[in-house]
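With the numbering used here as the guide, the letters of the sequence shown map in order to residues 696 to 826.
Even glycine gets a Cβ: it sits at the ideal position worked out from N, Cα and C.
Just so we're clear, the structure is a prediction, and the values are computed from it rather than from any experiment.
Have a look at the structure below, then the notes.
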Amino acid sequence: MTNTKVLHARLGLIILIPLALVGCSSRNATCQAKIDMLKPLMGRDSHADVQQALKAHDLRFLGIYDFSIDVPGMDAHKDAVRERGIKMIEGTTDAPCDEEHGKMIKDVRRYAESYNLELFNILSGEARIIN
Numbered sequence: 696m697t698n699t700k701v702l703h704a705r706l707g708l709i710i711l712i713p714l715a716l717v718g719c720s721s722r723n724a725t726c727q728a729k730i731d732m733l734k735p736l737m738g739r740d741s742h743a744d745v746q747q748a749l750k751a752h753d754l755r756f757l758g759i760y761d762f763s764i765d766v767p768g769m770d771a772h773k774d775a776v777r778e779r780g781i782k783m784i785e786g787t788t789d790a791p792c793d794e795e796h797g798k799m800i801k802d803v804r805r806y807a808e809s810y811n812l813e814l815f816n817i818l819s820g821e822a823r824i825i826n
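See below:
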């Protein structure tokens, strides 16, 4: 290899390595943004949240972005979902960006299922509203 080719190869690496690092850091920022969207839902009380939604007259079910839109716990009650609508939970996806994000999505899915089933039971008269 001539000196010019070696120099060009080194310059190429000097340019490409920082570009690769910038790409990784922006991906991490995107991942962190998704995690930050889910953090407020960690440890939430679905029962209390349903009661608050009822007081605000928000009768929508919670949805998760998955391969398609998923409304946890409501597979057998699609008519109710169509009638009341869906409030999507931002930060969810079928492709978690890292292990923490994946765990949070599972936790949010359980929360949404509990919320949706309680809301459905209240709306269908199977449970009573507690003030």
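Query	Result
What alpha helix (DSSP H) runs, 4 residues minimum, are completely inside the region 772–825?	773–779 and 794–818
So, are the CB atoms of G808 and H742 less than 8 Å apart?	In the sequence on display, residue 808 carries Glu and not Gly. No. Outside cutoff.
Check each candidate in L749, D753 and M783 and name the one with the smallest Cα separation from D761.	M783
Do the region 762–775 and the region 727–740 make contact, defined as three or more Cβ pairs closer than 8 Å?	no
Following the continuous beta strand (DSSP E) through D757, name the residue where it begins and the one where it ends.	Looking at the sequence itself, residue 757 is Leu, so the reference to Asp does not match. Unbroken beta strand (DSSP E) run through L757: F756 to Y760.
Consult DSSP for D744 and reduce its assignment to one of helix, strand or coil.	helix
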